[in-house]
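Novice: This is the structure I want to talk about, given as structure tokens.
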Amino acid sequence: MGERCAVIGVGQTKHAAKREDVSIAGLVREAAERALEDAELSWADIDAVVIGKAPDMFEGVMMPELYLAPALGAVGKPMVRVHTAGSVGGSTAIVAAHLVTSGLHRRVLTVAFEKQSDSDAMWALSVPQPFSAPLLAGAGGYFAPIIRAYMRRSGAPDHIGILVAVKDRKQALKNPYAHLHMEDISFETVRDSIMLWDPIRYLETCPSSDGAAAMVLADETAAAASPRPPAWVHGMAMRSEPTMFAGRDQVNPKAGRDCAADVYAQAGITDPRGEIDVAEVYVPFSWYEPMWLENLGFAPEGEGWKLTDSGATALDGGDIPWNCSGGVLSSNPIGASGMLRFLEVAMQVRGQAGEHQVDGVRRALGHAYGGGSQFFSMWVLGDDKP
Amino acid sequence: MGDTGAEEVLRAPHALDYTYTRSVGPVIGAFLTGLRQGRILGATGAGGVVTVPPTEYDPQTGERSGELVEVGPAGVVSTWAWTDHPSADQPLDRPFAWALVTLDGATTGLLHVVDAGSSDAMSSGMRVRAKFVPEADRRGHLRDIECFVPEASS
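Those sequence lines, one after another, are chains A and B. So for the first sequence, the numbering used here puts the first residue at 125; every next one is plus one. So for the second sequence, the numbering used here puts the first residue at 16; every next one is plus one.
Now the structure itself:
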């Protein structure tokens, strides 16, 4: 991997449906300033900035990184924009980490954001096309048949998705930055919520959020000078595949399996469930927890839902807690959602996750996916130098 | 393919109609609110710079901009370009000049239009003054300033 790289600062906004009090510049600035404060650094200490967000069409600002340079202290410094749809927050962190592992830079600020209140991303994803029936189905309409295929293939009972939705919203109550704080969430409230795209109920989908996430990544020398414990990168990888090709397995995409295999090989992991202490995995629709449990090798194919059903993935009593922060189901500033997964595991490794901290985390997996389950980015962080 | 002629190739319009909202934040928001009140605000920055329209973060240093100060309503044209035949959606329906106006108290130029009647009346260095639309018609928009006019004739 080249030089070692560690996370030495994290910052995020309080995610909300509408942050009408700030511009896009103000939103990213908020997360970036918190990351610098956490690292006890100033803008002058940063060598380069790597920023990511989902399609420009979502806010209608083309190449927003150009106008955001002053807000991110990037004037006169190298600045790179990354775009890989919903996985972009993860990919952005990886591109930033590469600038450190390559030996190019000592301290890199990486930022990701989305301001969904400036637009309506759900419907931007399903623009009517000539000679086609207007679906107006959004992302949920795209993923519903894939989830149905998973249920048929695995024999998973209908209530599994509900369990995930309840678990992640309960965990979000322990995360002050989460968008949704649903005190009265229960199996019944999720079960009785309206069926949007069968089998996805309203409360089994992610919210639409404004938010930003930021991290300071550092090389070994800069990490040694850092006031708080660093979270070291033990492995990181990206993979992608086309949306459609003959024989594509959309339920258990090959790009996801390959990406996980690469990251585990780098980190020396052969038994993910046994060797990883906590994971933040991109689950925007409840059923993606059991599906990714299989794709990421935490359970054999067809048996991911059994882990969810047994409570293994819960912060309270599970042996492999997933999405202790509440996950994408509780906060979804799209471009930032992947980086939040990467950032939350840094917080877990550094012991700074507060109420949703898992005791004694030594190794953690952050994961993001995007597009039609076709872009993947993952990293494994550890409390010791790789 | 048979007898299907090339003239039967199907065509359809594809209109992409999409609505955005913009949260402008405390600095641009104050600037737009100021326009509605007939005031032009600039942002103070490092080295005595006053940026108009104001930016949230100093374009040079990245520092958060300092306090907002009122500038103008008069200033100096630094450069200009004459338009003899305005198109329908341009700010004025008569010949005018696009101009960069450095307002009194500002250090950067504001792009706007000067209603000078003739290009002979235009020159770099000339003084102009903002002419606002009637208060009832203002909406927190750069075109709440209808135009600039040569100061001598205002």
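C-beta: ideal position from N, C-alpha, C; glycine also. All of these numbers come straight from a predicted model, not from anything done at the bench.
1) What alpha helix (DSSP H) runs, 4 residues minimum, are completely inside the stretch 216-270 of chain A?
2) Which of the three DSSP states, helix, strand or coil, is assigned to Leu312(A)?
3) So Gly63(B) contacts chain A; which residues on that side make the cut at Cβ distance below 9 Å?
4) Please identify the residue among Ser461(A), Asp334(A), Arg231(A), His303(A) whose C-alpha is closest to the C-alpha of Tyr406(A).
5) Quick one: which chain A residues come within Cβ less than 9 Å of Val129(B)?
6) I'd like to know whether the C-beta of Val152(A) is nearer than 8 Å to at least one C-beta of chain B.
7) Return the CA-CA distance between Thr36(B) and Ile43(B), expressed in angstroms with no decimal places.
8) Which ranges would you report for the alpha helix (DSSP H) in the stretch 343-373 of chain A if only whole runs of at least 4 residues count?
9) Do you know how far the Cα of Ala470(A) is from the Cα of Ala348(A)?
10) Which whole-angstrom value is the C-beta distance of Gly335(A) and His139(A), which I expect to be below 8 Å?
11) According to DSSP, is Ile393(A) helix, strand or coil?
12) Use the C-beta contact count for Gly398(A): other C-beta atoms within 10 angstroms, 16 or more gives buried, fewer gives exposed.
13) Along the stretch 225-256 of chain A, where does the CB come closer than 9 Å to a CB of chain B? Name the residues.
14) Please name the residues in the stretch 487-503 of chain A whose beta-carbon is closer than 7 Å to at least one beta-carbon of chain B, in chain order.
15) Label Thr48(B) either buried or exposed according to how many other C-beta atoms from any shown protein chain fall within 10 Å of its C-beta, with 16 as the threshold for buried.
16) Tell me the DSSP bridge mates of Asp334(A)?
17) From Val129(B) to Ala89(B), what does the alpha carbon distance come to, in whole angstroms?
18) CB-CB under 7 Å to Val67(B), same chain, minus the five flanking residues each way: which ones, in chain order?
19) So Val39(B) contacts chain A; which residues on that side make the cut at Cβ distance below 7 Å?
20) How about Val173(A): is its C-beta nearer than 8 Å to some C-beta of chain B?
21) Can you tell me the Cα-Cα spacing of Thr98(B) and Pro74(B), whole angstroms?
22) Would you mind giving the Cβ-Cβ distance between Leu320(A) and Phe237(A), rounded to the nearest angstrom? I have them listed as a contact below 8 Å.
23) Can you give me the C-alpha to C-alpha distance between Gly442(A) and Thr432(A), rounded to a whole angstrom?
24) Along chain B, which residues have their Cβ under 9 Å away from the Cβ of Val340(A)?
25) Excluding the 5 residues flanking Lys298(A) on each side, which residues of the same chain have their C-beta closer than 6 Å to its C-beta?
26) Applying the 10 Å Cβ sphere with the 16-neighbour rule, what's the burial state of Phe182(A)?
27) Compute the Euclidean distance between the alpha carbons of Ala209(A) and Phe500(A), then round it to the nearest angstrom.
28) Return no unless some Cβ of chain A is closer than 8 Å to the Cβ of Glu23(B).
29) With DSSP as the reference, label Trp411(A) as helix, strand or coil.
30) Pick out the complete beta strand (DSSP E) segments inside the stretch 46-77 of chain B, 3 residues or longer, and give them in chain order.
31) Hey, could you find the ends of the alpha helix (DSSP H) Ala156(A) is sitting in?
32) Between Gly49(B) and chain A, is any beta-carbon pair separated by less than 8 Å?
33) Do Ile393(A) and Val504(A) have their beta-carbon atoms positioned less than 8 Å apart in this structure?
34) Do the stretch 375-388 of chain A and the stretch 141-157 of chain A meet, that is, are 3 or more Cβ pairs less than 8 Å apart?
Specialist: This is what the structure gives:
1) 245-248
2) The residue given as residue 312(A) occupies position 188 in the first sequence. A small correction: the amino acid at residue 312(A) is Glu; Leu does not occupy that position in the sequence shown. Helix.
3) Locating residue 63(B) in the second sequence gives position 48, where the first residue counts as 1. None at all; the shortest Cβ gap to chain A is about 18 Å.
4) Against the first sequence, residue 406(A) aligns to sequence position 282. Among Ser461(A), Asp334(A), Arg231(A), His303(A), the Cα nearest to that of Tyr406(A) belongs to Ser461(A).
5) Here residue 129(B) refers to the residue found at position 114 when the second sequence is read from its first residue. Correct list: empty, because the minimum Cβ distance to chain A is about 27 Å.
6) Looking up residue 152(A) in the first sequence gives position 28. With 8 Å as the cut-off, Val152(A) does not count as an interface residue toward chain B.
7) Taking the first residue of the second sequence as 1, we reach residue 36(B) at position 21. Taking the first residue of the second sequence as 1, we reach residue 43(B) at position 28. Thr36(B) and Ile43(B): Cα-Cα distance of roughly 15 Å.
8) 344-348
9) The residue given as residue 348(A) occupies position 224 in the first sequence. The residue given as residue 470(A) occupies position 346 in the first sequence. In a straight line, the C-alpha of Ala348(A) is about 16 Å away from that of Ala470(A).
10) Taking the first sequence and counting its residues from 1, one reaches residue 335(A) at position 211. Taking the first sequence and counting its residues from 1, one reaches residue 139(A) at position 15. Right, their Cβ atoms sit about 4 Å apart.
11) Counting from 1 along the first sequence, the entry for residue 393(A) is found at position 269. Here Ile393(A) sits in coil by DSSP.
12) Within the first sequence, the letter at position 274 stands for residue 398(A). Exposed, by the Cβ-count rule.
13) Lys239, Ser241, Asp242, Ser243, Asp244, Trp247, Ala248, Val251, Pro252, Gln253, Pro254, Phe255
14) none
15) Within the second sequence, numbered from 1, the residue matching residue 48(B) stands at position 33. Exposed, because fewer than 16 other Cβ atoms sit within 10 Å of the Cβ of Thr48(B).
16) Residue mapping note: residue 334(A) aligns to position 210 of the first sequence, counting from 1. BP columns for Asp334(A) point to Ala140(A), Lys239(A).
17) Taking the first residue of the second sequence as 1, we reach residue 129(B) at position 114. Taking the first residue of the second sequence as 1, we reach residue 89(B) at position 74. Taking the straight line from one Cα to the other gives about 12 Å.
18) Taking the second sequence and counting its residues from 1, one reaches residue 67(B) at position 52. Same-chain partners within the cutoff: Ile55, Gly57, Val86, Leu118, Ala121, Thr123, Leu125.
19) Working through the second sequence from its first residue, we reach residue 39(B) at position 24. Per Cβ cutoff of 7 Å: Ser147.
20) As a working mapping, residue 173(A) is identified with position 49 in the first sequence. By this cut-off, Val173(A) is not an interface position.
21) Your numbering for residue 98(B) matches position 83 in the second sequence. Your numbering for residue 74(B) matches position 59 in the second sequence. The straight-line gap from Cα to Cα measures roughly 31 Å.
22) As a working mapping, residue 320(A) is identified with position 196 in the first sequence. As a working mapping, residue 237(A) is identified with position 113 in the first sequence. No, Leu320(A) and Phe237(A) are not in contact; Cβ-Cβ is about 26 Å, not under 8 Å.
23) Translated into positions along the first sequence, residue 442(A) becomes position 318. Translated into positions along the first sequence, residue 432(A) becomes position 308. Computed Cα separation, rounded: 9 Å.
24) Position 216 of the first sequence, counting from 1, holds the residue named residue 340(A). Within 9 Å Cβ-Cβ: nothing; Val340(A) doesn't reach chain B, min ~16 Å.
25) Taking the first sequence and counting its residues from 1, one reaches residue 298(A) at position 174. Around Lys298(A): Glu479, His480.
26) Taking the first sequence and counting its residues from 1, the one referred to as residue 182(A) is at position 58. When all chains shown are included, Phe182(A) counts as buried.
27) In the first sequence, residue 209(A) corresponds to position 85, counting from 1. In the first sequence, residue 500(A) corresponds to position 376, counting from 1. Roughly 10 Å separates the two Cα atoms.
28) In the second sequence, residue 23(B) corresponds to position 8, counting from 1. So, not an interface residue.
29) Here residue 411(A) refers to the residue found at position 287 when the first sequence is read from its first residue. Trp411(A) falls in the coil class under three-state DSSP.
30) 55-59
31) Against the first sequence, residue 156(A) aligns to sequence position 32. 148-163 is the span of the alpha helix (DSSP H), which, as asked, contains Ala156(A).
32) Working through the second sequence from its first residue, we reach residue 49(B) at position 34. Not one chain A Cβ lies under 8 Å of Gly49(B).
33) Residue mapping note: residue 504(A) aligns to position 380 of the first sequence, counting from 1. Residue mapping note: residue 393(A) aligns to position 269 of the first sequence, counting from 1. Yes, the Cβ-Cβ distance between Val504(A) and Ile393(A) is below 8 Å.
34) no
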